[in-house]
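A quick write-up on the structure given underneath.
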Amino acid sequence: MHPFLCSRCGATVFFENDACLSCGAPLGFAPGPAQLLAFDPTAGQAADAPWLRDDAGAPLRPCANRWTAAHCNWMLHTDDPPEQALCRSCRLTQVLPDLARPGNGLRWQRIEQAKRRLVYTLGRLGLAPLPKQGPADPFGLAFRLLEDEPGQPPVKIGHDRGTVTLNVAEADDDHREAQRVRLHEQDRTLLGHLRHETAHYLQYRWIADTPAAATCRAAFGDERADYAQALQRHYALGPPPDWAQHHISAYASAHPWEDWAETCAHCLLVLDAVETASAWGLQLSGPAQTA
């Protein structure tokens with residue numbers, strides 16, 4: 051992620067900032083032009099009033115989650131429907147855990163922060179998702195943020211026809227690290243989860259049942275192979291000895307769906323990393339070396 055400049059004072063500001071630490075101006079991210087904008091210091095004093103931009107551009111409306119535990123700093127256009135109170139990232143979340151329970155507000159905040167980074171990157175690629183409009187909607191994306199309940203099976207992280215389910219416990223570092231060790235994963239991050247599960251959605255949305263499916267199978271294998279059996283075999287026997295010669299991760303060798311999702315998620319990671327490196331002037335001193 052590249053840094054931004056406060057349009058009021060010129061200080062460096064960052065993607066998650068909701069105010070400039072130098073001049074105090076309120077900040078909001080406008081996803082259309084992908085800008086972190088400064089607003090009039092009196093912004094927010096009048097309920098539901100548009101916020102005036104410091105650069106004299108068109109006023110914008112803050113996401114309603116700016117004042118919730120999510121602490122969203124994204125904006126909406128004033129010509130968005132008045133009943134639409136959430137930004138394009140927050141409106142993807144359709145199920146929340148019980149926010150009255152201790153810790154869930156902070157978990158929600160961490161998940162939404164990671165999701166905004168993902169939605170930003172997808173927007174750069176022209177793949178900004180729309181919210182799912184019910185179970186029959188074949189194109190939209192929805193996130194369900196669930197928690198384990200006493201006496202109930204643990205929440206399973208996964209994707210199903212445009213709906214991503216995430217266990218909110220993954221927002222806790224200690225839980226996530228314990229799972230990483232238990233499952234013998236090299237790395238396990240909150241944003242990585244969102245990238246991986248959204249990669250499944252991208253395959254479902256743009257590749258499955260289209261002419262591109264044949265090309266995808268040629269590269270990643272036939273996804274029609276039994277998925278449950280493939281995962282059972284992977285967790286019982288582990289990856290094949292030569293998995294590193296053919297896959298980007300051990301888990302990618304489990305099934306063609308996972309090969310695609312792991313590869314796509316890593317591509318999103320590399321894209322973010324290259325953007326960050328470029329923004330800070332990091333360059334290779336010579337030609338890139340291949341393994």
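Per the numbering used here, residue 51 is the first one in the sequence shown, and the count goes up by one each step.
Think of the CB as a built atom: it goes at the ideal place given N, C-alpha and C, for glycine as much as any other residue.
These numbers come from a predicted model, not from an experiment.
Which residues DSSP lists as bridging residue i, in chain order
i    : result
P112 : M125
L252 : DSSP lists no partner for L252.
T313 : DSSP output for T313 lists no bridge partner at all.
P76  : A69
G208 : T215
V231 : According to DSSP, which records beta bridges pairwise, V231 is partnered with nothing at all.
Length of the line joining the Cα atoms of residue i and residue j
i    : j    : result
K182 : G212 : 7 Å
G190 : A338 : 39 Å
D272 : D129 : 45 Å
C137 : C122 : 9 Å
M125 : R111 : 5 Å
L168 : L241 : 7 Å
W307 : P289 : 15 Å
A311 : P53  : 28 Å
G74  : A114 : 21 Å
D68  : I207 : 30 Å
V231 : D223 : 12 Å
E235 : W293 : 14 Å
H83  : L77  : A small fix is needed here, since residue 83 is Pro in this sequence, not His. Rounded to the nearest angstrom, the two C-alpha atoms are 15 Å apart.
H127 : Q85  : 13 Å
W256 : A262 : 8 Å
P132 : Q159 : 24 Å
D11  : A186 : For residue 11 there is no data in the structure shown, the boundaries of the chain being 51 and 341.
L71  : L55  : 11 Å
R151 : T143 : 18 Å
A286 : D276 : 16 Å
L281 : A300 : 12 Å
From the options, residue whose alpha carbon lies closest to that of residue i
i    : options                : result
Q279 : A304, R267, P289, H296 : A304
H243 : Q229, P131, C73        : Q229
Q253 : L241, R267, L240       : R267
A192 : L233, R141, R157, P132 : R141
Y170 : A135, D322, G336, I257 : D322
F79  : W101, L233, Y285       : W101
D309 : E325, H284, A329, Q333 : H284
I298 : P109, C317, T62, R151  : C317
G176 : V320, P81, Q295, Q282  : P81
D259 : P188, L319, P291       : P188
W117 : A135, G201, A106, G107 : A135
Buried or exposed by the 16-neighbour rule on C-beta atoms within 10 Å, applied to residue i
i    : result
V205 : buried
A327 : exposed
G331 : exposed
A164 : buried
E220 : buried
S335 : exposed
F48  : The structure shown does not extend to residue 48, since the chain is modelled only from 51 through 341, so no value can be given for it.
L233 : exposed
V218 : buried
V324 : exposed
R274 : exposed
P179 : buried
V214 : buried
D104 : buried
V63  : buried
Supposed close pair residue i, residue j - CB separation, criterion 8 Å
i    : j    : result
A119 : G155 : 3 Å
H209 : E247 : 5 Å
L146 : L216 : That pair is no contact at about 11 Å.
T313 : A302 : 7 Å
A315 : A249 : 5 Å
A88  : S139 : Actually they are not in contact, since the Cβ atoms of A88 and S139 sit about 20 Å apart, beyond 8 Å.
R226 : R238 : 6 Å
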